[in-house]
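The sequence shown runs -20 to -1, 1 to 130 under mature numbering (1 follows the signal peptide of the UniProt record, and there is no 0).
Cβ coordinates follow ideal geometry from the N, Cα and C atoms, glycine included.
Read the structure below first, then the notes.
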Amino acid sequence: MKPIFLMLFIAAASFTQAQAFPPPPAVANSSQKQLIDEFLEVSRYKEALINYAKEYLELKMFDYNVDPPKELLTKEQARTIINRFDFDDFKPSLHSSLSFISEKNLKELIQFHKGIGSTLSRDNSVFLITPSIDLNIKNQIDYAIENIKK
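Right under this line is the structure:
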């Protein structure tokens, strides 16, 4: 009798844990949001993110698994995708992803970027990125590629 009761208890416990919802997305408080916006401005984050998107698009333009490589996306289509990229629509994702940085560290990042003239590399291709920012930008670009092909 005890083994049956124990198995029922374990099954019920695992079922209730499987029903757990994921934690809500991170939200920056108003002070953090203001600092994140300042960081995005002084680091020229928009330019760096667009450069990152361009590099990603270049990788998606051809299917290299065939010989000769097959063009999947024209340069004009890639240019259209970049021109349609709306940084303001992407900002909530940035606020969420960067909200884990303390206000003190955000202030230091702002001072750092001001001190180096707002760019980490000559072509502004180096920037602070998290896995969620990477995933979100790639998903947005992939979605744009699918829509432009229709």
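Residues in the same chain with beta-carbon distance under 7 Å from residue i, minus the five sequence neighbours each way, listed in chain order, please.
i: K118; result: Y36
i: T110; result: S77
Could you tell me the distance, in whole angstroms, from the CA atom of residue i to the CA atom of residue j?
i: V22; j: S98; result: 5 Å
i: E50; j: F42; result: The sequence given here has Lys at residue 50, not Glu. Cα to Cα, K50 sits roughly 5 Å from F42.
i: L89; j: S105; result: 17 Å
i: E83; j: Y25; result: 18 Å
i: L115; j: I96; result: 28 Å
i: S39; j: P72; result: According to the sequence provided, residue 39 is Leu. The question's Ser does not apply to it. Cα to Cα, the separation comes out at about 26 Å.
i: L100; j: F92; result: 10 Å
i: R59; j: D103; result: 18 Å
i: N56; j: N45; result: Checking the sequence shown, residue 56 turns out to be Glu, not Asn. Roughly 23 Å separates the two Cα atoms.
i: K129; j: L74; result: 28 Å
Just mark residue i as buried or exposed, buried being the case when its beta carbon has 16 or more other beta carbons within 10 Å.
i: D47; result: exposed
i: L86; result: buried
i: Q14; result: exposed
Going by beta carbon distance, what residues of the same chain come within less than 6 Å of residue i, once the five residues before and after it are set aside?
i: L78; result: I16
i: A124; result: I61
i: E18; result: I90
Spell out the partners DSSP gives residue i in its beta bridges.
i: K50; result: D43
Between the stretch 56 to 76 and the stretch 18 to 30, do three or more beta carbon pairs fall short of 8 Å? Per the Cβ contact rule, the stretch 56 to 76 is in contact with the stretch 18 to 30 (3 or more Cβ pairs under 8 Å).
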